[in-house]
Amino acid sequence: MRLLGLWFIALAMLTHAKDLRSEADEAQSKLDSALEWGTYRPNLYFGTRPRVPNSLLSGLMWFGLDDQQNWRSIRHSCELGDNLGEYGYLRHNGRDFGEQVMRDAEHGVEIKSEFIKVPGEHGGSWAVRFTGRTLEDNVQGISLAYYFGLEGNGNMSMAADSTMVMVDGKTPDLGEFKVRIIPGA
């Protein structure tokens, strides 16, 4: 009789451990999904990508317009020779928001990026907003480009109307995606 009681206790412990493991797997799955998209492009002033290899990526670049050679000093990857007075995140929780300032005295501009993500299927939805201002009396202007690209196999198409630019595509690992670019006021 004593042996039978031990078996019931062991069976109950195994069942409970299995339930805990199932709950842990579910929590890990939600965490992985929540972290699927982010600002995971090190060494760029700003860039996004999912934690999926060979997938969609995006990034910011800019250059001054004061002469025809400024495209040679394009700002994209963080380079010591860029001499930016300030760049980096002011706030970022590594999960669903980030705010940074990039102060480029040579091109006379300060650019602010704001990234926010909301939970949902396939890592949720995210948005980024860029705002800028000229420094002092600098009126030369800059050309700002935000780009999207594919690292691996897949396809993308682009269309535009009077209210937005739409980028749609599909990759083997990411599946279908939709990007909407809406001009600011």
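Going by mature numbering (1 follows the signal peptide of the UniProt record, and there is no 0), the letters in the sequence shown line up with residues -17 to -1, 1 to 168, in that order.
Positions of the beta carbon are idealized from the N, C-alpha and C atoms, including for glycine.
Open item on the list: Using the three-state DSSP reduction, which class does residue 90 fall into: helix, strand or coil?
Closed with: coil
Open item on the list: I need the straight-line Cα distance from residue 165 to residue 128, nearest angstrom please.
Closed with: 14 Å
Task: CA-to-CA distance, residue 116 to residue 92, given in whole angstroms - done: Take the alpha-carbon of residue 92 and the one of residue 116: they are about 6 Å apart.
Task: Strand pairing of residue 110, partner residues [DSSP] - done: 99
TODO: Could you tell me how far apart the beta carbons of residue 59 and residue 28 are, in whole angstroms, since I believe they sit closer than 8 Å?
DONE: Here residue 59 really is in contact with residue 28; their C-beta atoms are around 7 Å apart, less than 8 Å.
Task: Nonlocal neighbours in the same chain, by C-beta distance under 6 Å from residue 131, ignoring five residues either side - done: Only 41 and 150 meet the Cβ criterion.
Task: As assigned by DSSP and simplified to three states, the class of residue 54 - done: helix
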